[in-house]
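Colleague: So that we are looking at the same thing, I have put the structure below in structure tokens.
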Amino acid sequence: MSESSTTGDTLLSGDASVTATVVREELLRDYPAKTKKKREKQIVINDKQRGEDGSLHLPVVAANTRTVPGIITQRGCCYAGCKGVILGPTRDIVNIVHGPIGCSFYSWLTRRNQTHTPTDEHDNFMTYCFSTDMTEENIIFGGEKRLRQAIQEAYDLFHPKAIAVFSTCPVGLIGDDVHQVSAEMKKQLGINVFAFSCEGYKGVSQSAGHHIANNQIFKHVIGEDDTERSQWSINLLGEYNIGGDAFVIEDLLERCGIELVSTFSGNSTYDQFANAHMARLNAVMCHRSINYVADMIEKKYGTPWIKVNFIGANATAKSLRKIAEYFDDRKLTENVERVIGEEFPAVVEAQRKYRPRCAGKRAVLFVGGSRAHHYQELFSELGMETIAAGYEFAHRDDYEGRQVLPTIKIDADSRNIEELRVDADQEKFRESDRQKGLKREEQGYTFREYDGMMAEMKDQTLIIDDISHSEAERLIKMVRPDVFCAGIKEKYSVQKMGVPCKQLHSYDYGGPYAGFTGAINFYEEIDRMVNARIWSRVQPPWENGSPGTESSSPSPTSLEEMEELEESTNS
Amino acid sequence: MTTHTAKRVNSPFVATRNACKLCTPLGACLAFAGVAGARTILHGSQGCATYIRRYMISHFKEPVDIASSNFSESATIFGGRENLRAGLANVTRQYQPEVIGVATTCLAETIGEDVGMYLHEIRSQSSADDPALPPVVHVGTPSYCGTHAEGYLATVHALVSQLAEDGSSGEHVNVFPNMFSPADLRYLKEICHDFGLPVTLLPDYSDTLDGPTWDDYQLIPEGGTPLAAVRRTGQARASIEFTCVHGEKASAGRWLEDHFHVPNHRLPMPIGIRASDALFDALGSICGGETPARHAAERGRLIDSLVDGHKYLFERRAVVFGEEDLVAGIAGLLGELGVHPVLCASGGDSGRLRSAIAGLVPDQAEQIQVRQATDYADLEELAGDLKPDLLIGNSKGYWLARRLNVPLVRIGFPIHDRVGGARLLHVGYRGAQQLVDRTINTLLESIQEQSDEGYSYL
Numbered sequence: 057m058s059e060s061s062t063t064g065d066t067l068l069s070g071d072a073s074v075t076a077t078v079v080r081e082e083l084l085r086d087y088p089a090k091t092k093k094k095r096e097k098q099i100v101i102n103d104k105q106r107g108e109d110g111s112l113h114l115p116v117v118a119a120n121t122r123t124v125p126g127i128i129t130q131r132g133c134c135y136a137g138c139k140g141v142i143l144g145p146t147r148d149i150v151n152i153v154h155g156p157i158g159c160s161f162y163s164w165l166t167r168r169n170q171t172h173t174p175t176d177e178h179d180n181f182m183t184y185c186f187s188t189d190m191t192e193e194n195i196i197f198g199g200e201k202r203l204r205q206a207i208q209e210a211y212d213l214f215h216p217k218a219i220a221v222f223s224t225c226p227v228g229l230i231g232d233d234v235h236q237v238s239a240e241m242k243k244q245l246g247i248n249v250f251a252f253s254c255e256g257y258k259g260v261s262q263s264a265g266h267h268i269a270n271n272q273i274f275k276h277v278i279g280e281d282d283t284e285r286s287q288w289s290i291n292l293l294g295e296y297n298i299g300g301d302a303f304v305i306e307d308l309l310e311r312c313g314i315e316l317v318s319t320f321s322g323n324s325t326y327d328q329f330a331n332a333h334m335a336r337l338n339a340v341m342c343h344r345s346i347n348y349v350a351d352m353i354e355k356k357y358g359t360p361w362i363k364v365n366f367i368g369a370n371a372t373a374k375s376l377r378k379i380a381e382y383f384d385d386r387k388l389t390e391n392v393e394r395v396i397g398e399e400f401p402a403v404v405e406a407q408r409k410y411r412p413r414c415a416g417k418r419a420v421l422f423v424g425g426s427r428a429h430h431y432q433e434l435f436s437e438l439g440m441e442t443i444a445a446g447y448e449f450a451h452r453d454d455y456e457g458r459q460v461l462p463t464i465k466i467d468a469d470s471r472n473i474e475e476l477r478v479d480a481d482q483e484k485f486r487e488s489d490r491q492k493g494l495k496r497e498e499q500g501y502t503f504r505e506y507d508g509m510m511a512e513m514k515d516q517t518l519i520i521d522d523i524s525h526s527e528a529e530r531l532i533k534m535v536r537p538d539v540f541c542a543g544i545k546e547k548y549s550v551q552k553m554g555v556p557c558k559q560l561h562s563y564d565y566g567g568p569y570a571g572f573t574g575a576i577n578f579y580e581e582i583d584r585m586v587n588a589r590i591w592s593r594v595q596p597p598w599e600n601g602s603p604g605t606e607s608s609s610p611s612p613t614s615l616e617e618m619e620e621l622e623e624s625t626n627s
Numbered sequence: 176m177t178t179h180t181a182k183r184v185n186s187p188f189v190a191t192r193n194a195c196k197l198c199t200p201l202g203a204c205l206a207f208a209g210v211a212g213a214r215t216i217l218h219g220s221q222g223c224a225t226y227i228r229r230y231m232i233s234h235f236k237e238p239v240d241i242a243s244s245n246f247s248e249s250a251t252i253f254g255g256r257e258n259l260r261a262g263l264a265n266v267t268r269q270y271q272p273e274v275i276g277v278a279t280t281c282l283a284e285t286i287g288e289d290v291g292m293y294l295h296e297i298r299s300q301s302s303a304d305d306p307a308l309p310p311v312v313h314v315g316t317p318s319y320c321g322t323h324a325e326g327y328l329a330t331v332h333a334l335v336s337q338l339a340e341d342g343s344s345g346e347h348v349n350v351f352p353n354m355f356s357p358a359d360l361r362y363l364k365e366i367c368h369d370f371g372l373p374v375t376l377l378p379d380y381s382d383t384l385d386g387p388t389w390d391d392y393q394l395i396p397e398g399g400t401p402l403a404a405v406r407r408t409g410q411a412r413a414s415i416e417f418t419c420v421h422g423e424k425a426s427a428g429r430w431l432e433d434h435f436h437v438p439n440h441r442l443p444m445p446i447g448i449r450a451s452d453a454l455f456d457a458l459g460s461i462c463g464g465e466t467p468a469r470h471a472a473e474r475g476r477l478i479d480s481l482v483d484g485h486k487y488l489f490e491r492r493a494v495v496f497g498e499e500d501l502v503a504g505i506a507g508l509l510g511e512l513g514v515h516p517v518l519c520a521s522g523g524d525s526g527r528l529r530s531a532i533a534g535l536v537p538d539q540a541e542q543i544q545v546r547q548a549t550d551y552a553d554l555e556e557l558a559g560d561l562k563p564d565l566l567i568g569n570s571k572g573y574w575l576a577r578r579l580n581v582p583l584v585r586i587g588f589p590i591h592d593r594v595g596g597a598r599l600l601h602v603g604y605r606g607a608q609q610l611v612d613r614t615i616n617t618l619l620e621s622i623q624e625q626s627d628e629g630y631s632y633l
């Protein structure tokens, strides 16, 4: 039976007619039959059913399927996921984009990955945008020669540890062998040179690019440096240091006495990746972009992995405790409890201040492959409710949990994304780590566990995978959320309609939002957004006589009334 | 955070390092955004639409909605006709556009997609279930040919050559702007209005990319050149277009002259006094009128401010970068101010930038270094030796400014580290006035920041 005591929960407070079912029908209303059939499987009501044994049954979300042409999607391409997301935040690999100029330009510092070099002498190529800038002649006669020359130039300029080559759409079509050129140049230059076949048309979204990027890093870099690491050493996988999140997490781990060997890939370096296999535990933050790396490292080197989340104060505390619990050492546990104890009073104070101002307000989140889930933690700490959410590029397991992995059908679009076959490394596999994992598992510790977004969302909320531009507008019209979380592409159309839009890609150039201090930053930011006076100056469309809806707040008709209204909303 | 400064060790570079240009389809998207009720489809993989949306939005801070035909690997192998058909149908049903613009990407062009033929087939083979398509204008914009500036002009050409109709000659004048800001476009319309000239500005994204909040839901932002007006460009009394670097092959004005005998006035971008005079003279000659008094007064105030501001600007050295026409225009303005445009650079490669600058700044032509097909890494190396007092260009010059410790006056596109990029004026007397004031104030601010004494009167 359904988890909800009442069926058909309303998504618009005060209007019982706006249920998830009604909204879903409206979103699907104008699609041609074929498109509608597809979208019906991606716009799903979170109907949480409990089996007799207490197990949770969730509806299927047809995630990671190709966007219909002509639907304005949030998604990017394979290249964006590979170059922009995964390799973008690594500061000391020179990235060369092989193709015409646009792709290189558009991924030039556009994500807000931050990095800190230990000194000014250390390499940082992140502000540098290297492209073979192919012209018509290269398209006709091939671009390998040009690529070879570009690699040579990058080497002559910087003498970097590594050079990475990224293929854009035409490269795959004209048959340039980027891998062969890279292998030759690696031999010639004596540094690591490797390439990514991440042409934009591959896969269905940037997710394919994450996979391709991680495969190559696994093949070409991880395992190169066997320097020993301490007993409490971890890798943080799937943390990209937007707005300085990684710096916050690095600080927390250091204060706990946990050694961070590498982060994939926020504030990262080539050497960190090369040494990553020597960490004793992998902690996965963004399950979508990187869970397969955790799997591959476990298979090849024996390192077990757990899911963590450093977005949200409670989630941060829980994640630190989970890491400490794995290592099972009294000193480490004390460290972790001390750090949590040091951080939490400020969090509680901030919650006391902001919660009354935000509680009861409603958020919707359409972003990423983990953020639309993780950020619900922060809203819940503010007493806000998430009434609808969805990912841009996630797969079913990110919605429904990893238990559905064996049932996911691989379609034509994903079939060509290479799955590496990985076996235990005869020399480097650490049997002791495997044994430790097995022992901890027997004791009830859970590894490789991710229940996904839906298990934690309320019953009868709305799940929308790969939300389109026009669906987003209809959703706003019907449910009038108090805050809409997405990215820059949605920001201004949402705000035109009088709803604040919080960007969870760039953080609106704010942040950090990770850890305890990050949580406080987020509470402040959301309070500022949802309670700002400016919204009283915008007449939202639903106050302009849209049928079937009443205004959620009174519309001022005079300056006096407006001032009164402002006072009442800002007191 | 530290960053690397590239040191040139071999030359010329094959690779482009920190590009000073964007790709052709972006220009197409910008031009289509200025047609009323238009929706754009990029024919290729979806990343192009997403990246270009993302990039234009970071500048305009407005919704920019671009659809894609979402090529899969199989479409890449077998061709994208069915993707285009589905894309057109879905865009039509969702947005009921008055016109659809289809621009190609390098993927579609590499596999040799014939979009014109596809469109013909899609229309002639449509079934009862397919929605009736609005007019569809298509333009070939492979990003391996030219820059965003070429994409923009090619799209204006495509709009005119595919939609314009012959007919009895009207009173109106066509104005085909170059990559101007929404504020520039509004001002151009105001100027024509003050001459008493009905004007068709194509494209006109002054409302679609710089609009108010919505008190009603808008599937497509209001504003833009109406389709009927685009059709009537063939009946105009004259056309004015602004470029002195791009060839006539992609000239909308030339096309109308050749096909419908609409006289074409080809002017440089109206930046600075002389170039603005040329615009006002052209408008005057078309309608047989004088420059309206309020604009003559603006010109007078501009010259007065130059007299007053000359002491700050005289003999200063500037590096200018961006689209070729913009760079040429700014060089012309600087010449008028007594500023030396010591280096004029663009990622564009028309081959005509040097002669354009020589035409606009004849007395300094010998001293000005002109670089085409250049990038910011080259620029950095060249600029350092030239000891400039200021940089004039878009936000991508920020790192250059930071490393050289020289202030940057932000103009053009993209501006993503300041607000108001859409509201910057560049053209006409008013635009020159704003550029002059901003340039002087930027220099004064820099003097104040670097001064130990803290002078408050400058």
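As given, the protein sequences belong to chains A and B, one line each in that order. Under my numbering, the first sequence has 529 at position 473, and the numbering climbs by one with no breaks. Under my numbering, the second sequence has 404 at position 229, and the numbering climbs by one with no breaks. For every residue, glycine included, the Cβ atom is placed at its ideal position computed from N, Cα and C. If you're wondering where the values come from, they're calculated on a predicted model, not measured in any experiment.
#1: Quick check on the DSSP output: the alpha helix (DSSP H) that includes N338/A runs from which residue to which?
#2: Quick one: what's got a C-beta closer than 8 Å to H440/B's C-beta in the same chain, skipping five residues either side?
#3: Can T175/A and R147/A be called in contact, C-beta distance under 8 Å?
#4: With a threshold of 6 Å on Cβ separation, who are the neighbours of D305/B within its own chain once the five nearest residues in sequence on each side are excluded?
#5: Which chain A residues sit within Cβ distance under 7 Å of D391/B?
#6: With a CB to CB cut of under 7 Å and the five nearest residues on each side skipped, what residues in its chain are close to E497/A?
#7: On a CA-only basis, which of D232/A, Y447/A, R408/A is nearest R427/A? Give me that one, please.
#8: At the 8 Å Cβ level, is N258/B part of the contact set with chain A, yes or no?
#9: State the CB to CB distance for the pair F422/A and Q130/A, rounded to an integer number of angstroms; the pair is presumed to be in contact (CB under 8 Å).
#10: Counting only beta-carbon atoms, is G126/A nearer than 8 Å to chain B?
#11: So what does W361/A bridge to, in DSSP terms?
#12: Below 8 Å between beta carbons: does that hold for L561/B and V514/B?
#13: Do L337/A and I362/A have their CB atoms nearer than 8 Å?
#14: For a contact defined as C-beta to C-beta under 7 Å, what are the partners of Q221/B on chain A?
#15: Please list the terminal residues of the continuous beta strand (DSSP E) segment that includes R412/B.
#16: At what residues does the beta strand (DSSP E) containing T285/B begin and finish?
#17: Please classify G199/A as buried or exposed, where buried requires at least 16 neighbouring CB atoms within 10 angstroms.
#18: In the structure shown, what three-state DSSP assignment does D390/B receive?
#19: Whose C-beta lies closer than 7 Å to the C-beta of L112/A among residues of the same chain, with five residues either side of it excluded?
#20: Would you mind working out which of L579/B, A211/B, A213/B, A224/B sits nearest C198/B, comparing C-alpha positions?
#21: List, in chain order, every chain B residue whose beta-carbon is nearer than 7 Å to that of C541/A.
#22: Which value, in whole angstroms, describes the spacing of the CA atoms of N323/A and L535/B?
#23: In this structure, how does DSSP classify N580/B when only helix, strand and coil are distinguished?
#24: Kindly indicate which three-state DSSP category E620/B falls into: helix, strand or coil?
#25: So C195/B and D550/B are supposed to be a Cβ contact under 8 Å. How far apart are they, rounded?
#26: Output the distance between the C-alpha atoms of N544/A and H485/B, rounded to the nearest integer angstrom.
#27: Could you check if R589/A is buried or exposed, using at least 16 other CB atoms within 10 Å of its CB as the buried criterion?
#28: Have a look at the DSSP bridge pairing and note the partners of D550/B.
#29: Relative to the C-alpha of I590/B, which residue among K236/B, S247/B, G523/B, L554/B is closest?
#30: Taking P582/B as the reference, give the member of F588/B, L565/B, G595/B with the closest Cα.
#31: Taking only beta carbons into account, state which residues of the region 179-191 of chain A come closer than 9 Å to chain B, listed in chain order.
#32: At the level of alpha carbons, what is the spacing between S602/A and H429/A?
#33: Within 10 angstroms of the Cβ of T10/A, are there 16 or more other Cβ atoms? Answer buried if so, exposed if not.
#34: Would you verify that the beta carbon of P145/A is, or is not, closer than 8 Å to some beta carbon of chain B?
#35: To the nearest angstrom, report how far apart E280/A and Q98/A are at their CA atoms.
Modeller: In short, the structure shows the following:
#1: No alpha helix (DSSP H) contains N338/A, which is instead part of the beta strand (DSSP E) from 337-340.
#2: If we look at H440/B and ignore the five residues flanking it on each side, its Cβ neighbours are A413, S414, I415, E416, G428, A457, I461.
#3: No, the pair does not count as a contact, with Cβ atoms beyond the cut-off.
#4: The residues are A264.
#5: When 7 Å is used as the limit between beta carbons, D391/B is near these residues of chain A: P597, N600, in chain order.
#6: Around E497/A: F503.
#7: The shortest Cα separation from R427/A among D232/A, Y447/A, R408/A belongs to Y447/A.
#8: Any Cβ of chain A closer than 8 Å to the Cβ of N258/B would place that residue at the interface, and such an atom is present.
#9: Separation of the CB atoms of F422/A and Q130/A is rounded to 7 Å, and the pair is thereby assigned contact status at 8 Å.
#10: Cβ-Cβ to chain B under 8 Å: yes for G126/A.
#11: Per DSSP, N338/A.
#12: Going by C-beta atoms, L561/B is not nearer than 8 Å to V514/B.
#13: Contact flag set, yes.
#14: The answer, in chain order, is T123, T129, R131, C133.
#15: Here R412/B belongs to no beta strand (DSSP E), and DSSP marks it neither H nor E.
#16: Per DSSP, T285/B lies in no beta strand (DSSP E); the unbroken alpha helix (DSSP H) holding it starts and ends at 281-285.
#17: G199/A should be labelled buried.
#18: Correct three-state label for D390/B: coil.
#19: Cβ within range, chain order: K104, R106, A511.
#20: Ranked by Cα distance from C198/B, the first of L579/B, A211/B, A213/B, A224/B is A224/B.
#21: The premise fails here: C541/A is roughly 16 Å from chain B at the closest Cβ pair, so nothing lies under 7 Å.
#22: CA-CA distance, N323/A to L535/B, rounds to 48 Å.
#23: When secondary structure is reduced to three states using DSSP, N580/B falls in the coil class, being assigned neither helix nor strand.
#24: In this structure, E620/B counts as helix in the three-state DSSP scheme.
#25: About 5 Å; that satisfies the 8 Å criterion.
#26: Before going on, a small fix: residue 544/A reads as Ile here, not Asn. Cα to Cα, the separation comes out at about 42 Å.
#27: Flag for R589/A reads exposed.
#28: Answer is A194/B, bridged to D550/B.
#29: Of the listed residues, the one whose Cα sits closest to I590/B is K236/B.
#30: Distance check between P582/B and each of F588/B, L565/B, G595/B places L565/B closest, using alpha-carbon atoms only.
#31: Contacts with chain B (Cβ-Cβ distance below 9 Å) from the region 179-191 of chain A involve D179, N180, F181, M182, T183, Y184, C185, F186, S187, T188, D189, M190, T191, listed in chain order.
#32: Confidence is the limiting factor: at S602/A the pLDDT is only 48, short of 50, which leaves the residue's position unreliable, though a coordinate-based value still follows. Straight-line Cα distance between these residues: approximately 32 Å.
#33: Only positions 57 to 627 of chain A appear in the structure, and residue 10/A is not among them; the question remains open.
#34: Not an interface residue.
#35: Cα to Cα, the separation comes out at about 42 Å.
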